[in-house]
Structure formats: C-alpha cells, structure tokens
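In what follows, a structure is listed as structure tokens, so that the remarks can point back to it.
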C-alpha cells in the first residue's frame, strides 16, 4: 500500500491515526523524516576570554593547586577549561575578570602568565562520540592549518577549542572548507 | 478516539531468557488490558557471549579467518538475524499467552534508512503495515536496530541495514514519532536513570526526570541508559520518552526538554570504562615539525576510528585517553612509526615510542641513525585509568565547583591525573582502582542521594 503525502517531520496526524487504527483511511499515513545528518552542523565562535597559566607551584602540588582555586572561588570568579600542568594549572576566565585575577594571584606571589584575547570555537556535530574519528579529524584539520590551539574539550554534541582571537575566523573557514557543514 | 499507542522497547537483558521474556510480555499484556495499544521493539536476545547475541554472530565470521574483514553489507545481514529471532520469539510468547501478535523486520515495519551499512540513519518510516496489524487486533513486534535502504523508492526490496550504536532505542523513538505515540518506553534492567552506577553507590536514587542534554552527556561520558540518538528524535518531535525497568513496577525516569526543567542542579556522577591515557612529549620539536607530528597523530587515529577522551594540549605536549580495547590499534599504528620531516640540515627522523621502548623500536632507531638525526616522540602511558564525571544542568559555571571537586578528592586521597570540563560536565582522570571511590566521594560531596 502506498503512503500518502502528509508533511514530513510531523508523524501521523492524530485524527488520521485513530481513523487508521479503526480500519479507515490507511492510505493517508505519513512518512516522516527523522535523524539529523551525521557530520558537523554548526560552528560558533565566542570571544572575550583570557587563559591564565599558573606555574612554579610548590610541593605538594595538589594542595598548592587547591590554594589557587580557593583564591579564584573566593573572588566569585567562574573558571572553565581547567588543566593540570606539571608545575601548576591553567584555566579560562572572562576577559573582564583578568585584572582581578592578576591582582589576587600576584598579591599571593604566584607566577602568572596571562594569554589574553582568547576565543572559544565550538564545532557542533550530533552525537559526536559515535562518529568514530570525527574528533581526531577536526583536530587534524586545525593543526594542519597551523592554528595554535591552547586547549580542547568535548561534549556530546560539540568539540570546544581555545585559540587566539585572530585565528578564530581562520579556524571556522578551515573546518567549513575541509569538513563541510551538513 | 485519542491515540493510545505506546512503543515499548525491550533491551537485551529483558529478552535474554524465557523468564525475562515472560516478564516483558506480561508488561505488554498489562498495558493492552489498560486500553493501551502496544507496539513492541526488541533487541537481540542477550548480551555479549550469549548464543544469539550480536557479538556471537560476528564471531561466526571472524572464526573463519580473523585477518579477513567481513563486508559491511554481509555483516548487516548476519547481525540483523539476532533481532529477527528475538522478535519472532517474543511475538510467539505473546501468542502463547493468548494475545495475537505479528513480528516485523525493520523493513517490513516501513523503516527506511540511508545506505551506510553498520551505522545507517533512519530517513523515513511508513507505518502503514504496523497500523494494519494493530487494526487487526494484533500486537506488532518490531526488530530493533535495522531498516532497509533503497536507492529508488519505487523499487521493491532493498538492502538490509543496521543502525549502529543505540540502534534499538533509535528504532523505538522513531516509531514513536511515526505513529505519533503517546509515549515511548525504553525497558531495561535498572529503574531508570540513576545518579550513579549502583555498583559504586548502592542506593543511588533514580531521577524522576532528566533533560535530553543531561542524558546525552551522561551517555557521552560512559553510562548509556538510553541512547542520545533516541532521546534526540523523541525530543525534536516532542514524544514523551521514558526509561523503565522490565523487572519492577517503579515509575522510571522521564526524559524532558530543557524548558521543562528550569534551574540548576548536579544530576549525577558517571564513569567511563577502562582507558589508557597517553601524553606525547613534543617539547623538543620545532614548531613546524610539531604541527606535522600532531596532525599525523590525529589523522592516524581518525583513520582507524579511535575514540578520544580527555583531550589535552600544552606547550610541551598533547594528551588524550583511548578506550583500553582500542589501545592495541593505537599501539599497532603508532608505536615505531617513522616520520622523516624537513630537508637538508633541518631533516629529522622522528620515531614514535609508546611507553617503554620495545626491542623493535630500539633496533629501528639504531638502523635509522645512519640516515640522519633521529629523535623519539615519546608517549608516557598511564594504563588503568578512568574518567569520572560530574554531570549537571546549568551548574558547572558556578564559581567554586572545581574547587569543591578537587578538595573532596584530595581529602579522599585520590590522585587527579587530569581534568576536563564542558557546559554540562566536569571530569577527572583517576587511577582505575579508585573509580568507585571517586564516584562515591563526588556523589556524597554533592549530596546526590537527596536528589529527585
């Protein structure tokens, strides 16, 4: 039996369904479109971040890292992209908190390196983990294009990369050109 | 007359034994007696190692000659047998209980997919045959995980395809949409989505509701109660989706859109399976060579479909974790890999070494020395580690969340090897031996036993 032409994406109209279930009008049943296409579906760039590197922490390093995090939390500053390094840690904060962080941590004699003008580039793809090799492909393309990446993180539907503002647009165009958007 | 269709999907453990099938069948019959029109979706009977499980079928081919990869098309034909068998057995079980039933292959149920064997996506469903079956007073039992691909819609037949990971959940959700069902119920062997693995936290509560993003992130980070593909389809088309227990009468967990769950919370603690973390030391490479080496690592891993967790970049190194079962692939393709870069005086021959150098790698290095400067790209391996993640809803951006995690773990004397975070999660890489203790520590710290 052939299906009728009901708008895709809406499933079976309830009135048609009840009629169909009761033995009427089966020819009006819809076909429905479902899953999003695999691959990258969007790229988003958020600017206005600073990456803070704290180095030279004293042993025991785990306790020293906690002291740094305590200072940041006490200042009411939210941090993202925390990364542990052999002698310290790094994290991302909103740019407008840069001076506050600098003062707080330098007052406590921490060794700081501030990488300002950072962007977060998010590459979106549905259910990324199951698209085997997709995360690695994105990184391959970005690195091949000689874009310095400060940090990487991933979520179920996107990979997030930190880079200098000046590379964000290049990043976006490389991904669109090399991997395409669905 | 309103729509009374419920799609009820039963996973491998729910159909693994005749007792389990009887319990599942009684759920279906009970629903029918309440005036619901059930449409059943089943997975293959049992899990890994059992006679009719998907892996067992795959092994039939591997045993012939492990070095010859089966064709994806043939593999799909073979593994789809598991669900066909399961659907027929389930339909017959219903019949023996006095309820007329009809088994459907994916294609017979009208499920059409794209042509990607082994990982097909559903492109359309024509539910006419299912509705005819319901109309005839039967309970349709549909094979999960499969569909049919036809290049030309007007041609008969078509190629059988399988849907890849989460395929049976996806079938259920998609049928729910096609039938405009009142609910899609995913039956499993737990009471719903829990705040933690009950093996780690014995009395971990079951969440009454969880958002699509939370459940997708939980799956991304290791605990697949319902597959994100299924959740996404149901969410997009606004079909209520539930996770329930075949073996209890608990109400289960409803998966809801974000809009229905305002406010912030920590949802749960999840953990991955066993991972191997590798940190490649690139500190001695010049910038140009480093770019090529990094790029080559990722390109190789992409080619072999290796899954990456806990990605990490620093001025001296790059690091990531891979599932332990994929590590042999990584070792095969990267350990001992030779990459000559540059030319003339700047030419350097790089040799990758994973962990401690094998005699083969050492011999290779010695032989290559006659050709120019040889440098090792050494990856420090941390075998036996796990990622434990705190998953939350509009919570991770609160000041002090990282601090609370680090303090709690330090008090518990758990070493944090690395961290990672995103909008929905905060993850720590810990020694595998500390996995359950880490889960328990974070569960307690964030008072998840009080969550609803």
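Residue numbers (our numbering), protein chains in the order written: chain A, 1 to 182; chain B, 1001 to 1452.
By construction, the Cβ of each residue, glycine as well, lies at the ideal position given by its N, Cα and C atoms.
- Here residue 1215/B is actually not in contact with residue 1201/B; their C-beta atoms are around 18 Å apart, not less than 8 Å.
- Taking 7 Å as the cut-off, the beta carbon of residue 1244/B is found no closer than this to the beta carbon of residue 1452/B.
- Pairing residue 1233/B with residue 1125/B, the inter-Cα distance amounts to about 13 Å.
- If the five residues before and after residue 1160/B are omitted, its C-beta is found closer than 7 Å to the C-beta atoms of 1076, 1077, 1080, 1107, 1146 and 1148, all from its own chain and listed in chain order.
- The Cβ atoms of residue 77/A and residue 103/A lie no closer than 7 Å to each other.
- For the stretch 129-140 of chain A, the set of residues with a beta-carbon nearer than 9 Å to any beta-carbon of chain B comprises 129, 130, 131, 132, 133, 134, 135, 136, 137, 138, 139 and 140, in chain order.
- Here residue 1251/B is exposed: its Cβ has fewer than 16 other Cβ atoms, across all protein chains shown, within 10 Å.
- If only complete runs of 3 or more residues are kept, the stretch 1376-1447 of chain B shows the beta strand (DSSP E) at 1418-1421 and 1425-1431, in order along the chain.
- Between residue 116/A and the set 136/A, 94/A, 152/A and 132/A, the nearest pair of CA atoms involves 94/A.
- Taking 7 Å as the threshold, the shortest C-beta distance from residue 1261/B to chain A does not fall below it.
- Secondary structure note for residue 94/A: its beta strand (DSSP E) is the uninterrupted segment 88-94.
- Neighbours of residue 84/A in chain B, taken as residues whose beta carbon is under 8 Å from its own, are 1416, 1417, 1418 and 1419 in chain order.
- Under the Cβ criterion of 7 Å, residue 1291/B is counted among the residues facing chain A.
- Per DSSP, residue 161/A lies in no alpha helix (DSSP H) segment; the continuous beta strand (DSSP E) that holds it begins and ends at 158-164.
- The C-beta distance from residue 1308/B to residue 135/A rounds to 5 Å, short enough to fall under 8 Å.
- The contact set of residue 78/A on chain B, defined by CB atoms closer than 7 Å, consists of 1397, 1398 and 1399 in chain order.
- Under the 10 Å beta carbon count, residue 1364/B is surrounded by 16 or more other beta carbons and is classified as buried.
- Membership of residue 38/A in any beta strand (DSSP E) is not indicated, and neither H nor E is assigned to it by DSSP.
- When beta bridges are read from the DSSP output, residue 1063/B appears opposite no residue.
- Excluding its 5 nearest sequence neighbours in each direction, residue 1319/B has C-beta neighbours in its own chain below 6 Å: 1279 and 1312, listed in chain order.
- Residue 50/A has a beta carbon lying at 7 Å or more from every beta carbon in chain B.
- Residue pairing from DSSP places residue 1111/B in a beta bridge opposite 1125/B.
- In summary, residue 1059/B is exposed, with fewer than 16 beta-carbon neighbours lying within 10 Å of its beta-carbon over all protein chains present.
- Between residue 1422/B and chain A, the shortest Cβ-Cβ separation is below 7 Å.
- In the DSSP assignment, no residue is bridged to residue 167/A.
- Contact between the stretch 1422-1437 of chain B and the stretch 1179-1193 of chain B is not established, with fewer than three Cβ pairs separated by less than 8 Å.
- Residue contact with chain B for residue 153/A: present (Cβ-Cβ distance below 7 Å to some residue of chain B).
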